[in-house]
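Data first, discussion second: the structure below is written as structure tokens.
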């Protein structure tokens, strides 16, 4: 076969073998190729250990940091970071001091941030990197970001990050990397640091850096910070900045900021309105419960409406009134997603137990079932449960815990994977005190026997946990997930630069696949496309400024294709539009 005819690198059967070792998490098999004279094989081994993440490979990866090929040194550095072991940080730092290639040095510094401790952080703080050396400066900035994500951070590191972001001599790319640290650090900003960040925000051109500065500003609760965030919310054309401003304002007292959230309910971007409604759901006040209901009548988006109604019922003393209004809205709605969210809202009032139970156990609509069982679990976890328990016993002459025990039992016997999983989690919650309401585990054994393996392995495993919880046993050997085998006959036919087009009701978009780094993921994706798995699917989860999820055959996030694939971790950065 001529080289031009090859679709991707996996026509080489040795690379296939190395990939098989990676997929099986076979460290011993991979180590056999770590010193191979063929650089392509050494490279594949270094990349493989980024997914395997076995600390037994640290010494060998440290050796690959000295490989003659800088690309292999980069891959080895990345893999060492993935081990998350402090020994890796020591090897990385010592080799960094000898390394000449700036791209390798960049990767080494970032990797130290992934696996280093306080000592390693101090070394990064003390590194003096000259302006203009953007690659290595970016490595230092990314090290701070990784340290922050891992909870290893201090005031000296924060000072370095602020310096980077505020410097006029450092590139936007480096500033963005440093700004990531601000969003995850556990520290508060001083007034002076806030001033520097506000100045940097006003001069900054990169939207992503500005987004991170806005998120960080909430870590200073001064009047200046609040004024800055309100200004960003009121004056920013880009809706993402408005969302982040609202996210940061949650750090302030309700009475100081609630009016901004009321205004945001009418924002031209539905994502901003959703974020505002979530604020009232999470931070509402009893005195304003009626206002949440009033505002729910002034907006058309069902998700905003559902959040506001949930807030109304959650914080009101007159739960019966709002429950009745929500039930009426539920009964007339033609949108199953709206009905599901409304049903979940009813979980804020224990008096809705029968209504929610009847809907969950009678409907065939997956999203209503799954969110309904979540509502039932929330009812049992309600902070007023004990009070309602006593009242229920007096008026109904029945044990409310017994009622929940029967509901969760019926949910498990339904055979629905979402109902099984959520009900199982509820039963084994020690705070719910349901364990002694089951004489034996026969119903669980029956449900487990009816699980279709490997398709329903998750439900099967949840049931086993409940069986062990009730019987006070521990299963020695749990069934493993059904990991899909690598189909090399199909993988070798996929172009290295293969693209696909996704057609949706909101517009079409193109996805760039990467079979040479993610063969299992890409091959499985294409197989599911060819099977029609993604046709007529709903986008079932949208978190503003974070993620959009699709591809569930049930439309509620509980519908798997019946198998799992191993994680394939490769050296890449995920920006807007990443899949």
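Residue numbers (my numbering): 1465 to 2043. The beta carbon of each residue, even a glycine, is placed where N, CA and C say it ideally should be. As the structure is a prediction and not an experimental result, all values here were calculated from the model.
Close Cβ partners of residue i (< 8 Å) along its chain, the five nearest in sequence each way excluded
i: residue 1750; result: 1779, 1780, 1781
i: residue 1790; result: 1773, 1777, 1806, 1809, 1810
i: residue 1820; result: 1807, 1810, 1811, 1836, 1839, 1840, 1843
i: residue 1615; result: 1650
i: residue 1974; result: 1963, 1964, 1965, 1966
i: residue 1889; result: 1841, 1926
i: residue 1922; result: 1881, 1885, 2024
i: residue 1929; result: 1888, 1892
i: residue 1693; result: 1678, 1681, 1682, 1709, 1712, 1713
i: residue 1879; result: 1911, 1914
i: residue 1732; result: 1703
i: residue 1686; result: 1655, 1658
Boundaries of the beta strand (DSSP E) in which residue i is found, first to last residue
i: residue 1968; result: 1963-1968
i: residue 1972; result: 1971-1976
i: residue 2012; result: 2011-2013
Residue range of the unbroken alpha helix (DSSP H) whose run includes residue i
i: residue 1552; result: 1550-1560
i: residue 1954; result: 1952-1955
i: residue 1625; result: 1619-1630
i: residue 1501; result: Neither: residue 1501 is in no alpha helix (DSSP H) and is coded neither H nor E.
i: residue 2005; result: It is not in any alpha helix (DSSP H) - residue 2005 instead sits in the beta strand (DSSP E) that spans 2005-2007.
i: residue 1749; result: Neither: residue 1749 is in no alpha helix (DSSP H) and is coded neither H nor E.
i: residue 1816; result: First-last for residue 1816: undefined, no H or E at that position.
i: residue 1828; result: From DSSP, residue 1828 is part of no alpha helix (DSSP H); its letter is neither H nor E.
i: residue 1534; result: 1534-1547
i: residue 1996; result: Counting along the chain, residue 1996 falls outside any alpha helix (DSSP H), and DSSP gives it neither H nor E.
i: residue 1669; result: That residue, residue 1669, is in no alpha helix (DSSP H); it is neither H nor E in DSSP.
i: residue 1801; result: 1800-1809
i: residue 1870; result: 1864-1877
Sequence-distant residues of the same chain with beta carbon closer than 7 Å to residue i, five excluded per side
i: residue 1770; result: 1802, 1805, 1806, 1809
i: residue 1524; result: 1495, 1498
i: residue 1471; result: 1956, 1957, 1958, 1959, 1960
i: residue 1846; result: 1814
i: residue 1905; result: 1931, 1934, 1935
i: residue 1534; result: 1565, 1567, 1568
Rounded distance between the beta-carbons of residue j and residue i, thought under 8 Å
i: residue 1675; j: residue 1705; result: 6 Å
i: residue 1677; j: residue 1691; result: Not a contact, Cβ separation roughly 15 Å.
i: residue 1897; j: residue 1865; result: 6 Å
i: residue 1577; j: residue 1542; result: With 8 Å as the limit, residue 1577 and residue 1542 do not qualify as a contact, their Cβ atoms being about 12 Å apart.
i: residue 1722; j: residue 1673; result: About 29 Å separates the two Cβ atoms, so there is no contact after all.
i: residue 1491; j: residue 1520; result: 5 Å
i: residue 2009; j: residue 1644; result: Their Cβ separation, rounded to whole angstroms, is 14 Å, which puts residue 2009 and residue 1644 out of contact at 8 Å.
i: residue 1902; j: residue 1869; result: 7 Å
i: residue 2027; j: residue 1918; result: 6 Å
i: residue 1528; j: residue 1536; result: 6 Å
i: residue 1736; j: residue 1759; result: Actually they are not in contact, since the Cβ atoms of residue 1736 and residue 1759 sit about 14 Å apart, beyond 8 Å.
Backbone secondary structure at residue i - three-state DSSP
i: residue 2024; result: coil
i: residue 1947; result: strand
i: residue 1852; result: helix
i: residue 1925; result: helix
i: residue 1407; result: In this structure the chain extends from 1465 to 2043, so residue 1407 is not present and cannot be described.
i: residue 1480; result: helix
i: residue 2041; result: coil
i: residue 1771; result: helix
i: residue 1489; result: coil
i: residue 1845; result: coil
i: residue 1508; result: helix
i: residue 1572; result: helix
i: residue 1732; result: coil
i: residue 1616; result: coil
i: residue 1932; result: helix
i: residue 1983; result: helix
i: residue 1579; result: helix
i: residue 1777; result: helix
i: residue 1662; result: helix
i: residue 1603; result: helix
i: residue 2108; result: Look at the range of the chain in this structure, 1465 to 2043, and you will see that residue 2108 is not part of it.
Close Cβ partners of residue i (< 6 Å) along its chain, the five nearest in sequence each way excluded
i: residue 1756; result: 1744, 1772, 1775, 1776
i: residue 1511; result: 1539
i: residue 2016; result: 2004, 2023
i: residue 1696; result: 1678, 1705, 1709
i: residue 1689; result: 1658, 1681
i: residue 1725; result: 1740, 1743
i: residue 1481; result: none
i: residue 1829; result: 1800
Any C-beta of chain D under 8 Å from that of residue i
i: residue 1698; result: As a matter of chain content, chain D is missing from the structure shown, which is built from one protein chain.
Report yes or no: do three or more beta-carbon pairs, one from the region 1825-1841 and one from the region 2006-2024, lie closer than 8 Å?
-> The region 1825-1841 and the region 2006-2024 touch, with no fewer than 3 CB-CB distances between them shorter than 8 Å.
Indicate whether the contact test is met: 3 or more Cβ pairs, each with one atom in the region 1632-1652 and one in the region 1972-1986, closer than 8 Å.
-> Cβ pair count under 8 Å is below three, so no.
At least 3 beta-carbon pairs within less than 8 Å: the region 1561-1574 vs the region 1589-1609 = A contact exists between the region 1561-1574 and the region 1589-1609.
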